[in-house]
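Asker: Sharing a structure with you now.
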Amino acid sequence: MASAPGYEPRGPGFYSRQVSWVFFVKGELPQRSPGFGLICAEGDLWKDQRKFVSSSLKNFGMVRFGPKRDKMEERIAVGVKECVEKLSRLTSPCDPQPALLHCLGNVVNSLVFGHTWSEDDPTWLWLQHLQEEGTKLIGVAGPINFLPFLRVFPEYKKTMRFLMEGKEKTHVVYDNMIRERKKRGEGSGPGDDMIDAFLAEMSRRQASGRGDEGFYTVSQFHHLLADLFGAGVDTTLTTLRWFLLFMAQNPDVQTRVQEELDGVLQGRPLTLEDAAVLPYTEATLAETQRIRSVVPLGIPHGALEDTELAGYHIPRGAMLVPLQWAVHMDPKLWPEPDRFNPGRFLTEDDRFYKPEAFIPFQTGKRICVGEELGRMLLFLFGATIVHQFRVSPPDGAPLDLEGDVGITLTPRPQSLLFTARFETTR
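In terms of this note's numbering, the sequence shown is residues 843 to 1268.
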């Protein structure tokens, strides 16, 4: 382990994705396995797919201005409204995770699959379970990347079997959705979801004769859908859960957020445009992302060339795990880093700003392609819930703010009390 003092953005030498035993393609050794999807893709495939995903998300409304953004906001608002309705029906303390997962998840489902599920749909319940367990178990399997021989031991063997079988079963679900879409004759245009967009681009590439249609294979399709669904749901859901816990733990901060929201909204629904005049609310969301880095270890990178870091020689091909937690908890960058303090993100005249060392969506060429969408979801869900409800620990009980590390740093299951602030919410 090498620690570079302070925060220093690195050059392109670390932008590769290292081969991972955890994500290998079944039946092939990792050394020979191509990277599929977006997270594990490399080279020209990664460049092509990142451009495609970025362009598609912008077409769906992941932009800062214009009618497409309004359409995206309407999609998110449907999920937010359903979530508020679910929380308003609670009569006792509960863990908000199921309600958040269903409502937020269906927003992502509509964007990725063009489909939403009812709360009790067996396929949706199974996907939720697989997502939750898979996120934990990939963290458990992490040591295999450094000590591959561990995969023969029963504990790790069982974990890898669960991950691989889950991957195969989800690909069957994705394939059924794709086949149904083709059967209905859809996918001839860009559409409003990733399945439509991919099918349309696949057809266009095959017809063009450019020779790059190999980037649009069935296997790539499955892996891309898995990446977009998994990353789209898990990171935002986890941040929202931490946000509500820290609001309950810090009632004075929560009160100030609510007063700011009350003053701006005056009884109307929250919109994305309101973010510009809600600096303290924005700062509070940002402080949540800092103090509980959702991906504390970052995503493994690989060295493209021999280089040096903190006096250590890093050979070409070495796996590099960026410790995002260390950046966000460095006392030289963030005084009293263990204290929840939204003021870190406010200027002297109370304007919201983001320090360079604030990297919740990673940094560099591999920065999260859905960063803007993630911000939209976090703002509309988080701010609306805290505006509509007073969030508090049941009976003043202490909250567990440690969490468990898998791919993400996830809060442990625990109950919160949601008390409606307005008659219209009750």
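Where is the CB? At the ideal position from N, CA and C, for every residue including glycine.
Please report the distance separating the alpha-carbon of V950 from that of H944.
Answerer: One C-alpha to the other measures close to 10 angstroms.
Asker: Could you check if T1250 is buried or exposed, using at least 16 other CB atoms within 10 Å of its CB as the buried criterion?
Answerer: Buried, by the Cβ-count rule.
Asker: In three-state terms, what does DSSP make of S960?
Answerer: Coil.
Asker: Would you report the Cα separation of Q873 and L1146, rounded to the nearest angstrom?
Answerer: The predicted model places Q873 with a pLDDT of 40, which falls under 50 and marks its position as unreliable; any figure quoted below should be read in that light. Spanning the two alpha carbons is a distance of roughly 15 angstroms.
Asker: Does the structure place the region 1091-1100 close enough to the region 1174-1185 that three or more beta carbon pairs sit under 8 angstroms?
Answerer: At 8 angstroms Cβ cutoff, the stretches touch.
Asker: Just curious, the alpha helix (DSSP H) that Y1122 is in, first and last residue?
Answerer: Segment P1121 to I1133, the alpha helix (DSSP H) holding Y1122.
Asker: Is DSSP giving L1258 helix, strand or coil here?
Answerer: In this structure, L1258 counts as strand in the three-state DSSP scheme.
Asker: Closest by CA to F1040, which one among H1065, T1126 and G1051?
Answerer: Comparing Cα-Cα distances from F1040 to each of H1065, T1126 and G1051, the minimum goes to H1065.
Asker: So within the region 961-996, which uninterrupted alpha helix (DSSP H) runs reach at least 4 residues, ignoring any that extend past its ends?
Answerer: Listed in chain order, they are 964-983.
Asker: Of all the options P1197, T1012 and W1176, which has the alpha carbon lying nearest to the alpha carbon of T965?
Answerer: It is T1012.
Asker: Of the choices E915, Q1091 and F1071, whose alpha-carbon is the least far from that of V895?
Answerer: For V895, the nearest C-alpha among the options comes from F1071.
Asker: From F995 to L979, what distance separates their C-alpha atoms?
Answerer: If you take the alpha carbons of F995 and L979, they lie about 15 angstroms apart.
Asker: Where G1304 and K1024 are concerned, what is the direct C-alpha to C-alpha distance, given to the nearest angstrom?
Answerer: It is not possible to answer for residue 1304, since the shown part of the chain is limited to 843 through 1268.
Asker: Using the rule of at least 16 other Cβ atoms within 10 Å of the residue's Cβ for burial, across every protein chain shown, is N1018 buried or exposed?
Answerer: Label assigned to N1018: exposed.
Asker: To the nearest angstrom, how far is the alpha carbon of R911 from that of A1117?
Answerer: The alpha-carbon atoms of R911 and A1117 are separated by roughly 14 angstroms.
Asker: Look up H1155 in the DSSP assignment and give the residues it is bridged to.
Answerer: The partner list for H1155 (beta bridge, DSSP) reads E1150.
Asker: What number of angstroms, rounded off, separates the C-alpha of V867 from the C-alpha of T1149?
Answerer: Because the pLDDT at V867 is just 41, under 50, the model does not fix this residue reliably, and the point stays unresolved.
Asker: Taking 9 angstroms as the cut-off, decide whether the C-beta atoms of L953 and D1076 are in contact.
Answerer: No, the pair does not count as a contact, with Cβ atoms beyond the cut-off.
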